[in-house]
Amino acid sequence: MLTYIVRRLVAAVGLLFVLSVVTFAIFYLVPRLAGATPETLATRYVGRTATEDTVKLTAERLGFYDPVPVQYGTWIKGVFTGAEYDFGAGVERCPAPCLGYSFITRQAVWPELLDRAPVTISLAFGASIIWLVSGVAAGVISALRRGSLFDRAAMTVALAGVSLPIFFTGLVSLAFFSYRLGITAPGGQYVQLSENPAQWAYSLLLPWITLAFLFSAQYARLTRAGMLDTMTEDYIRTARAKGLPERTVVVKHGLRAALTPILTIFGLDVGLLLGGAVLTEKTFSLNGLGKYSYDAIVAGDLPKILGVTLVAGFFVVIANLVVDLLYAVVDPKVRL
Amino acid sequence: MSSTSLADRSGRTGSPPAQPFLDVRDLRVQFPTDDGLVKAVDGLSFSVERGRTLGIVGESGSGKSVTSLAILGLHRRSGESKRSRRASAEPSARGNRLTGEILLDGENLLAQDAERVRSLRGKRMAMIFQDPLSAMHPYYTVGHQIIEAYRIHNQVSTKAARQHAIDMLGRVGIPEPSRRVDSYPHHFSGGMRQRAMIAMALCCDPDLLIADEPTTALDVTVQAQILDLIRDLQREFNSSVILITHDLGVVAELADDILVMYAGRGVEYGSAEQLFNRPAHPYTWGLLGSVPRFDRPPGERLLSIKGSPPSLINVPPGCAFSTRCDYAELNSGRSETERPELAPVGPGHLVACHLPPAERQRIWADEIAPRL
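Taken in sequence, the protein lines are chains B and E. My numbering runs 1471 ahead of the 1-based position in the first sequence. My numbering runs 244 ahead of the 1-based position in the second sequence.
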């Protein structure tokens, strides 16, 4: 078990390394191959109106004249030892771990990510609990009462939830619940958990529910299909033949088996969300990692995009590891 | 089989007129489907006395398993209370129709509510299933599953229940039961799993044990062990056993009485001795003839039954077996139009066939017996 975890952690580090190489190549190598010169890359950071000399100087300072592998080496060195950027007007320190330095906002990426992460974590945490509970409950009831009015209604709502994009449901619910009825917080009002837990929950309630709606729809459908499948298993018949009450048969014997695949997807979904719920955060103006990457993409701020991509990748890799470990706990047939 | 014929039978054995432990009367089980009403069991009557073993034999789809599930109350029924219907998740959305009587120690299970039948399940009547791997929950230990069954019906501590589970595992011949109690089903071999299933079924000391093809999924060498085990435990617990199988070797091994089923009905009933030595129904002849034997010359053709079983939606109006029967034409059309009822051909030996007794004797003696 322990050796398995160590092995997986080593593999995770390797995976993150590969991810960094690939991401770096996409942002720094591919434009070169497509014909971009160090000067055109540098114009992003100084604006189109700058003189040719300024552009050249900037390209020089940012190391754009170096071969791409050298640039990558400089960047990865910064991650471990920190980096210094000379802008002529003074040297900017980017302490380790320096995931990059935005030349547009003159800010190191890592502290900004640390700043944004709690918003995204809060959003993902609350929403995932809501969607897991509501999705699984709806799925189980639908499966047990297949063909009933509840089943058909729930599956119609689920279909809507799967199909409707979050910016639509988010904007509609904002307009209705926050601005018309005034029962939920309007967008952009994040309060830290440590500051005021009640306000924290209030400010996130609508984003939670909107995001959870999207996911719980999928989970309801998955749970329903899984339950319909497991409830026809021989061991369910055995459980009934033993004289167990139907509730025990359904929850302890049926749901237990149906939940295993859902657990996998749940872990991956949460891991993915921790890297930033881009649309939700944008819709509700929450300053999390998702909005951070959105803003970075719009501004073409490559170091920021690179940093946030790596952090998102980190969460997915960790989520994968946690899911695999949980699997060994849930399913006795899995040996690590 | 009518109730009068049942009376004949108890007169024959000379037993007191006490009720048999399980008495099934005119049981009908019907499943509505999109194609029509499936008459899975169509007017079946039989009884099992305490300490006796009834073998139910028939092809796949003859209604054997449906009957056993009906006795345990495991079919979802129409007209059940909303509460119990909601709790059930059988694939068919429409309720199944069960009529007739299933008297367990005098109590008609079909007239009881679902909760009462549930409290009897596992306690007074228990079941062993065909495939012990799929019949046990893969995520719980064998011990946990036995303890769960025991504690539902007995107010005991987990510790006492665990000790009981270990005892039961020991009794069904699982070595090192105190260690194996914490194993998962996939740690067990097929035979061990079936032993564990038997331990689970017998943990509450049921009066009726239904074994639905208990050895079909097992190796031949293990089959004999399991059959011996069932026989020994039956003697020890003095329970009634219903043994459902298509394997005549298994019934020969265990059963006191045998009921042959075809298309949801009983076609022949008698003691094991009668059924094997003087079978009276052409279908039983076919079953006996289709068993390969070592004491016959190699290469000799088996007596196979031609055709395939009728659809249970459109059962032929007369004898359900008439389309496959070699002797139906001897009955001048009666087999096609008139449904034969079980009638005595010997003491306690009933058969549902229009063949005149003399003709039947002749066919058996001249054509069938020499080939068996």
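Quick reminder that beta carbons are idealized off the backbone N, C-alpha and C, glycines included.
Asked	Found
Is A1505 (chain B) helix, strand or coil when you go by DSSP?	coil
So, with DSSP's three-state summary, where would you put L348 (chain E)?	strand
Look at the Cβ atom of L1682 (chain B), then the Cβ atom of A1748 (chain B), and state whether they are nearer than 8 Å.	yes
Quick one: which chain E residues come within Cβ less than 9 Å of L1715 (chain B)?	R362, R365, G366, E392, A393 and I396
Which residues in the same chain as F1742 (chain B) place their Cβ atom closer than 6 Å to its Cβ, once the five residues preceding and following it in sequence are excluded?	Here the sequence assigns Gly to residue 1742 (chain B), which means Phe is not the residue at that position. Correct list, in chain order: F1786, V1787 and A1790.
Based on Cα-Cα distance, which residue from E:L271, E:E293, E:G339 and E:L316 lies nearest to D278 (chain E)?	E:G339
Does the stretch 364 to 374 of chain E touch the stretch 440 to 459 of chain E, meaning 3 or more C-beta pairs lie closer than 8 Å?	yes
Could you tell me the alpha carbon to alpha carbon distance between C1565 (chain B) and Q1670 (chain B), rounded to whole angstroms?	34 Å
Taking the runs of the beta strand (DSSP E) that are 3 residues or longer, which of them lie wholly in the stretch 427 to 505 of chain E?	452 to 456 and 484 to 489
Specify the secondary structure class of S1573 (chain B) as computed by DSSP and reduced to three states.	strand
Quick check on the DSSP output: the beta strand (DSSP E) that includes D286 (chain E) runs from which residue to which?	G280 to V292
Are A524 (chain E) and I502 (chain E) close, meaning C-beta to C-beta below 8 Å?	no
Where does Q263 (chain E) land, buried or exposed, given buried means 16+ other C-beta within 10 angstroms?	exposed
Just reading off the alpha helix (DSSP H) that R1711 (chain B) is part of, what are its end residues?	D1705 to A1712
Taking the continuous alpha helix (DSSP H) assigned at I607 (chain E), which residues delimit it?	P601 to I607
Once the 5 residues before and after D426 (chain E) are set aside, which same chain residues still bring their CB inside 7 Å of it?	T385 and G387
Check this for me: beta carbons of M371 (chain E) and S309 (chain E), under 8 Å apart or not?	no
Using a beta-carbon distance cut-off of less than 9 Å, what residues from the stretch 1711 to 1738 of chain B approach chain E?	R1711, A1712, K1713, G1714, L1715, P1716, E1717, R1718, T1719, V1720, V1721, K1723, H1724, G1725, R1727, A1728 and T1731
Could you give the distance in angstroms between the alpha-carbon of S422 (chain E) and the alpha-carbon of Q469 (chain E)?	22 Å
Looking at the unbroken beta strand (DSSP E) that takes in H593 (chain E), where does it start and where does it end?	H593 to V595
Going along the chain, which residues of its own chain have a beta-carbon closer than 7 Å to the beta-carbon of V1517 (chain B), five neighbours each way excluded?	T1525, V1526 and T1529
For R341 (chain E), which option in E:G317, E:R360 and E:G350 has the closest C-alpha, if you only look at C-alpha atoms?	E:G317
Among all the DSSP beta bridges, which residues are the ones paired with S515 (chain E)?	E:D501
Would you mind telling me which residues of chain E sit closer than 8 Å to Y1798 (chain B), beta carbon to beta carbon, in chain order?	Neighbours of Y1798 (chain B) on chain E: none; closest Cβ ~12 Å, over 8 Å.
Using the C-alpha atoms, what's the distance from I486 (chain E) back to L519 (chain E)?	16 Å
For a test of the three-state rule: what should DSSP assign to P588 (chain E), helix, strand or coil?	strand
Should T1709 (chain B) be flagged as near chain E, meaning a C-beta pair shorter than 8 Å?	yes
Using C-beta distances below 7 Å, list every residue in its chain close to E303 (chain E), excluding the 5 sequence neighbours before and after it, in chain order.	H490 and P553
With DSSP collapsed to three states, give me the class of L1760 (chain B).	helix
Thinking F1686 (chain B) and T1640 (chain B) are a contact (beta carbons under 8 Å), I'd like their distance in whole angstroms, please.	12 Å between Cβ atoms; not a contact.
First and last residue of the alpha helix (DSSP H) that includes T402 (chain E)?	T402 to R415
So, helix, strand or coil for L547 (chain E), using DSSP?	coil
According to a CB-to-CB cut-off of less than 8 Å, which residues of the stretch 456 to 472 of chain E neighbour chain B?	none
Pick out whichever of E:G508, E:E293, E:Y394 and E:H397 has its Cα sitting closest to the Cα of R272 (chain E).	E:G508
For Y1468 (chain B) and L1773 (chain B), I'd like the C-alpha separation in whole angstroms.	With chain B running from 1472 to 1807 in the structure shown, residue 1468 (chain B) is simply not present.
Roughly how many angstroms separate the alpha carbons of F275 (chain E) and Y506 (chain E), rounded to a whole number?	17 Å
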